[in-house]
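The structure under discussion appears below in the form of structure tokens.
Number of protein chains: 2
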Amino acid sequence: MGFALWVCTMPPHSPGHASIVALLEQEGTHPLRGVFQMVAFERGQLLTHPDDADYIFVVKTGCLRAFLLAFDRELSLAYLRQGDMFSTHTRLQMQASEPTELFMARRTAVERVSAAYPALQYALIHGLAKVLGQTMTLLEDLAFHHARGRIARYIVRSAAQAGIDLQRGQVVPLTLGMEEMAALLGTTRQTVSTEFNSMIREGAFARERRRALRLGDVTLLKNWASGDAIRGG
Amino acid sequence: MGFALWVCTMPPHSPGHASIVALLEQEGTHPLRGVFQMVAFERGQLLTHPDDADYIFVVKTGCLRAFLLAFDRELSLAYLRQGDMFSTHTRLQMQASEPTELFMARRTAVERVSAAYPALQYALIHGLAKVLGQTMTLLEDLAFHHARGRIARYIVRSAAQAGIDLQRGQVVPLTLGMEEMAALLGTTRQTVSTEFNSMIREGAFARERRRALRLGDVTLLKNWASGDAIRGG
DNA sequence: CGCCTTTTGTCGGACATCTGACAGACAGGC
DNA sequence: GCCTGTCTGTCAGATGTCCGACAAAAGGCG
Numbered sequence: 000m001g002f003a004l005w006v007c008t009m010p011p012h013s014p015g016h017a018s019i020v021a022l023l024e025q026e027g028t029h030p031l032r033g034v035f036q037m038v039a040f041e042r043g044q045l046l047t048h049p050d051d052a053d054y055i056f057v058v059k060t061g062c063l064r065a066f067l068l069a070f071d072r073e074l075s076l077a078y079l080r081q082g083d084m085f086s087t088h089t090r091l092q093m094q095a096s097e098p099t100e101l102f103m104a105r106r107t108a109v110e111r112v113s114a115a116y117p118a119l120q121y122a123l124i125h126g127l128a129k130v131l132g133q134t135m136t137l138l139e140d141l142a143f144h145h146a147r148g149r150i151a152r153y154i155v156r157s158a159a160q161a162g163i164d165l166q167r168g169q170v171v172p173l174t175l176g177m178e179e180m181a182a183l184l185g186t187t188r189q190t191v192s193t194e195f196n197s198m199i200r201e202g203a204f205a206r207e208r209r210r211a212l213r214l215g216d217v218t219l220l221k222n223w224a225s226g227d228a229i230r231g232g
Numbered sequence: 000m001g002f003a004l005w006v007c008t009m010p011p012h013s014p015g016h017a018s019i020v021a022l023l024e025q026e027g028t029h030p031l032r033g034v035f036q037m038v039a040f041e042r043g044q045l046l047t048h049p050d051d052a053d054y055i056f057v058v059k060t061g062c063l064r065a066f067l068l069a070f071d072r073e074l075s076l077a078y079l080r081q082g083d084m085f086s087t088h089t090r091l092q093m094q095a096s097e098p099t100e101l102f103m104a105r106r107t108a109v110e111r112v113s114a115a116y117p118a119l120q121y122a123l124i125h126g127l128a129k130v131l132g133q134t135m136t137l138l139e140d141l142a143f144h145h146a147r148g149r150i151a152r153y154i155v156r157s158a159a160q161a162g163i164d165l166q167r168g169q170v171v172p173l174t175l176g177m178e179e180m181a182a183l184l185g186t187t188r189q190t191v192s193t194e195f196n197s198m199i200r201e202g203a204f205a206r207e208r209r210r211a212l213r214l215g216d217v218t219l220l221k222n223w224a225s226g227d228a229i230r231g232g
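Chains as they are written, first to last, in numbering that gives the first Met the number 0: chain D, 0 to 232; chain A, 0 to 232.
Given below as structure tokens:
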């Protein structure tokens with residue numbers, strides 16, 4: 000059943016994630032309910048365990064931010080939402096970026112039952128692929144793009160995730176504020192704010208509302224997203 | 000069989016990798032030999048396939064460099080050596096950094112037989128974990144450390160991989176030259192060269208020979224590796 | 001509607017790194 | 001031993017970003 004082979008190749012945004020949540024939400028004495036417990040987190044709360052055990056979790060509602068932490072800096076790697084599955088026992092910190100409910104289970108318990116539930120395996124691969132994909136994107140951002148290029152790439156990704164074509168007049172919802180965007184793009188909120196407003200002044204887009212923008216000259220955006228290498232920023 | 004669950008938790012440098020190469024090297028009509036073919040690459044040669052198919056490979060001899068490519072910049076993620084298994088169908092480019100022999104198989108064929116060969120699954124997890132671990136290290140380098148810190152961390156890792164304590168007088172072999180080190184640390188060879196020589200002048204180590212150094216004041220090295228955040232470089 | 005908290009915008013100076021260029025050292029081949 | 005190719009060392013100037021600080025805007029609550 001070498002589904003791990005897919006980790007390297009699977010696109011992160013595959014459909015069908017709600018099935019694992021539906022499976023775990025079933026009432027009664029469903030066997031999985033004995034494996035997973037539901038835990039709630041407030042906004043800002045970290046995912047920690049005193050015994051540092053190895054848990055697998057599924058996001059039921061809300062949003063978890065996976066990030067690296069060093070000194071007093073944070074680098075966000077991914078935002079995990081409903082249906083996303085991942086592990087606590089990594090180098091990554093996890094924090095609820097809004098009120099969040101998780102299904103949690105010890106990894107050893109999940110291993111015992113996973114062969115009988117393909118949806119579990121599918122969810123894990125999907126979660127891994129999502130973080131891996133975002134990790135590669137982040138590496139490209141940090142190694143090859145200046146701040147403006149990273150912002151442009153984030154906007155293009157946000158449009159794609161919302162199923163919106165890159166055309167003048169379209170409204171692109173942004174799920175992150177300035178500070179969160181800075182943490183995801185590996186820079187500071189001052190740099191993001193300054194650059195973002197400069198891009199608006201150059202006509203690439205306009206501010207529609209707090210967390211949405213209306214596209215303007217999309218050629219500018221595309222050029223910044225693709226052509227803006229560190230060379231000749 | 001949820002061994003994919005281990006991807007998140009497994010330390011990348013686990014023992015026992017030679018077993019997969021020994022298995023694949025067996026003579027005669029061993030079933031795996033029908034799945035894997037041996038391919039040789041010259042130094043500098045890229046791993047490409049005209050049909051862009053999805054292959055799994057195991058390094059038999061030599062070394063493959065996995066890297067991201069953008070414009071004319073490269074960012075190395077990992078050097079795969081004997082026993083390391085990985086996939087061609089990722090965003091990563093692969094290049095032989097010395098003459099190299101691989102066992103290669105189509106992913107679909109590997110999936111059909113992997114349940115019968117735990118060594119295959121083990122090798123894949125190990126390969127994934129190695130690249131993942133190195134990816135996290137690289138993200139920490141790029142996001143949190145200046146050039147000097149990255150060099151110090153690379154030296155500390157090289158010492159650990161060679162089983163050498165960080166003590167004055169010890170000789171640490173470095174497997175990479177300046178240019179390769181720069182590509183692995185996400186900077187330029189001029190920056191690495193300038194910084195490396197400055198670290199020598201400050202007494203952290205001395206040049207033993209072309210690709211080895213003799214440790215000096217290891218407190219300096221440790222401080223640079225751990226304390227040198229982007230803040231207050 | 002006013003107040004408080006949070007988020008965002010902007011600034012000048014400091015710092016880290018990149019860049020193209022050039023020169024020297026080293027290794028391998030003839 | 002010489003030549004060539006590769007690798008390494010160094011430089012000055014340019015560029016991008018960070019930083020602490022301060023102010024303004026926005027949102028939520030009573």
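By construction, the Cβ of each residue, glycine as well, lies at the ideal position given by its N, Cα and C atoms.
Which residues mark the beginning and the end of the beta strand (DSSP E) in which R64/D is found?
-> 63 to 69
Applying a beta-carbon distance threshold of less than 9 Å, which residues of chain A neighbour E179/D?
-> Correct list: empty, because the minimum Cβ distance to chain A is about 15 Å.
Indicate the three-state DSSP secondary structure (helix, strand or coil) for M97/D in the structure shown.
-> Checking the sequence, you will find Glu at residue 97/D rather than Met. Residue state, collapsed to three classes: coil.
From the DSSP output, which residues share a beta bridge with V109/D?
-> Per DSSP, none; premise fails for V109/D.
Whole angstroms is fine: what's the gap from V38/D's alpha carbon to S192/A's?
-> 51 Å
Is the Cβ of R90/A closer than 8 Å to any Cβ of chain D?
-> yes
Under 8 Å between the Cβ atoms of L68/A and Q92/A?
-> yes
Buried or exposed: which applies to T107/D, given that a residue is buried once 16 or more other Cβ atoms fall within 10 Å of its Cβ?
-> exposed
Top-ranked residue by Cα proximity to I19/D, from Y54/D, V58/D, T47/D = V58/D
Residues, ordered as in the chain, of the segment 129 to 158 of chain A that lie near chain D by beta-carbon distance below 7 Å = T134, M135, L137, L138, E139, L141, A142, F143
Using a threshold of 8 Å, state whether the C-beta atoms of H125/A and M84/A are closer than that.
-> yes
Note down, in chain order, every chain A residue with its Cβ under 7 Å from the Cβ of G82/D.
-> The contacting residues do not exist; G82/D stays about 17 Å from chain A at best.
Which residue comes first and which comes last in the alpha helix (DSSP H) that contains Y153/A?
-> 146 to 160
For R72/D and chain A, any beta-carbon pair shorter than 8 Å?
-> yes
Mind checking which residues open and close the alpha helix (DSSP H) that includes E179/A?
-> 177 to 184
Can you tell me whether DSSP reads A211/D as helix, strand or coil?
-> strand
In the segment 21 to 38 of chain A, which residues sit with their C-beta less than 8 Å from some C-beta in chain D, listed in chain order?
-> none
Beta strand (DSSP E) containing F85/A: first to last residue?
-> 84 to 86
Unbroken beta strand (DSSP E) run spanning T60/D, endpoints | 54 to 60
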